[in-house]
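Presented below is the structure to which this report refers.
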Amino acid sequence: MPELPEVEVVRRGVDRWATGRAIAGVDVLYPRSVRRSPGGAGAIRSALVGDCFRCASRRGKYLWLPLADGDDRALVVHLGMSGQVLMQPVESDDEKHLRVRVRFDDDDREMRFVDQRTFGGVYIDDVLDGVPSTIAHIARDPLDPQFDRAATIRAIRRKDTEIKRVLLDQSVISGIGNIYADEALWRSKVNGRRSTGSLPASKVGEVLDHATVVMREALAQGGTSFDSLYVNVNGESGYFERSLDAYGREGEPCRRCGAPIRREAFMNRSSYRCPRCQRSPRAPRT
57 MPELPEVEVV
67 RRGVDRWATG
77 RAIAGVDVLY
87 PRSVRRSPGG
97 AGAIRSALVG
107 DCFRCASRRG
117 KYLWLPLADG
127 DDRALVVHLG
137 MSGQVLMQPV
147 ESDDEKHLRV
157 RVRFDDDDRE
167 MRFVDQRTFG
177 GVYIDDVLDG
187 VPSTIAHIAR
197 DPLDPQFDRA
207 ATIRAIRRKD
217 TEIKRVLLDQ
227 SVISGIGNIY
237 ADEALWRSKV
247 NGRRSTGSLP
257 ASKVGEVLDH
267 ATVVMREALA
277 QGGTSFDSLY
287 VNVNGESGYF
297 ERSLDAYGRE
307 GEPCRRCGAP
317 IRREAFMNRS
327 SYRCPRCQRS
337 PRAPRT
């Protein structure tokens with residue numbers, strides 16, 4: 057699933073190519089992709105046609121495009137596992153998994169939502185206090201100018217559960233997924249199963265700081281692409297995969313100590329760590 061850097065790359069591309077352009081039409085080719093929108097395809101057309109997007113905004117892994125006709129509605133885009141937002145020339149062939157198309161009056165590039173696995177989608181939502189109502193529960197992310205580092209450290213330690221589990225909890229801190237959680241924990245020399253209650257505030261802060269840095273590094277390289285499903289609005293892959301220190305490197309030597317990177321099951325997904333640098337927490341005495 058795309059994480060913060062990948063969604064931010066898409067946001068920047070959409071902001072560049074789609075904002076301020078009058079919307080001429082909306083084609084919904086697959087109803088499931090608009091299932092979250094009350095009224096379905098007809099409601100989306102009614103909301104968008106004749107209006108324009110004011111900007112492209114993001115919180116964590118969610119992207120939304122506020123409409124210029126007032127500040128109370130937006131088109132929300134959730135990429136899910138395989139969603140893509142492409143800005144394509146109108147004459148280019150349709151993609152195999154094209155689900156929704158937004159056409160503009162100027163007949164320049166059109167916006168296409170492509171989704172192979174159909175876990176993502178687009179929908180119209182009310183905007184409350186600057187954020188769509190359906191994502192109001194999502195916490196600010198480390199790249200947000202209003203991110204409160206100290207408050208987030210306190211919230212993480214109050215959870216008193218596994219540190220990686222909290223990093224993936226979008227209601228506590230958003231944008232961090234499996235890839236960047238593993239990278240931040242590797243850089244911090246912390247095992248993801250360590251209890252946040254056993255970690256001093258300074259160590260939790262170190263993990264957060266490493267997460268921030270690694271996501272900024274990934275953003276500078278266009279994000280992380282393990283397959284063709286994540287691309288930017290021009291259809292180009294990111295190349296941060298080459299810089300990963302832990303995630304996806306099972307059996308390869310740790311770049312710090314040389315021990316083979318280990319893959320383990322965690323929350324129904326794969327987790328990667330160095331068994332020497334990130335030792336398992338001791339079992340409590342009975």
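Heads up: the sequence shown begins at 57 in the numbering used here, then just goes up one per residue. Where a beta carbon is used, it is the ideal one built from N, C-alpha and C, also for glycine. Here the structure is a predicted model, which means the values were calculated and not measured.
Where the beta strand (DSSP E) containing residue i begins and where it ends
| i | result |
| --- | --- |
| residue 122 | 118–122 |
| residue 154 | 154–160 |
| residue 42 | A question about residue 42 goes unanswered here, because the residues of the chain that appear run from 57 up to 342. |
| residue 199 | No beta strand (DSSP E) holds residue 199; DSSP gives it neither H nor E. |
| residue 143 | 139–144 |
Beta-carbon proximity of residue i to residue j, cut-off 9 Å
| i | j | result |
| --- | --- | --- |
| residue 140 | residue 287 | yes |
| residue 63 | residue 118 | yes |
| residue 295 | residue 239 | no |
| residue 174 | residue 212 | no |
| residue 224 | residue 180 | no |
| residue 275 | residue 58 | no |
| residue 334 | residue 241 | yes |
| residue 65 | residue 279 | yes |
| residue 220 | residue 237 | yes |
| residue 162 | residue 77 | yes |
| residue 244 | residue 273 | no |
| residue 95 | residue 87 | no |
| residue 317 | residue 305 | yes |
| residue 228 | residue 208 | yes |
Residue i in three-state terms, based on DSSP
| i | result |
| --- | --- |
| residue 180 | strand |
| residue 342 | Low confidence applies here, because residue 342 scores a pLDDT of 48, under 50, leaving its location unreliable and the question unanswered by this model. |
| residue 324 | coil |
| residue 79 | strand |
| residue 331 | coil |
| residue 287 | coil |
| residue 89 | helix |
| residue 171 | strand |
| residue 218 | strand |
| residue 132 | strand |
| residue 271 | helix |
| residue 228 | coil |
| residue 165 | coil |
| residue 109 | strand |
| residue 114 | strand |
| residue 318 | strand |
Whole-Å CB distance - residue i paired with residue j, under 8 Å assumed
| i | j | result |
| --- | --- | --- |
| residue 74 | residue 167 | 5 Å |
| residue 267 | residue 232 | 6 Å |
| residue 112 | residue 164 | Wrong, their Cβ atoms sit about 16 Å apart, outside the cutoff. |
| residue 80 | residue 159 | 5 Å |
| residue 84 | residue 156 | 5 Å |
| residue 338 | residue 315 | Actually they are not in contact, since the Cβ atoms of residue 338 and residue 315 sit about 19 Å apart, beyond 8 Å. |
| residue 297 | residue 282 | 6 Å |
Buried versus exposed call for residue i [16 or more other C-beta atoms within 10 Å across all chains shown]
| i | result |
| --- | --- |
| residue 116 | buried |
| residue 197 | buried |
| residue 109 | buried |
| residue 330 | buried |
| residue 256 | exposed |
| residue 328 | buried |
| residue 313 | exposed |
| residue 204 | exposed |
| residue 247 | buried |
| residue 323 | exposed |
| residue 342 | A caution first: residue 342 carries a pLDDT of 48, below 50, which makes its placement in the model unreliable, though a value can still be read off. Exposed. |
| residue 201 | exposed |
| residue 234 | buried |
| residue 103 | buried |
| residue 169 | buried |
| residue 150 | exposed |
| residue 142 | buried |
| residue 176 | buried |
Bounding residues of the alpha helix (DSSP H) (the contiguous stretch that carries residue i)
| i | result |
| --- | --- |
| residue 71 | 60–74 |
| residue 249 | Here residue 249 belongs to no alpha helix (DSSP H), and DSSP marks it neither H nor E. |
| residue 104 | 96–104 |
| residue 243 | 234–244 |
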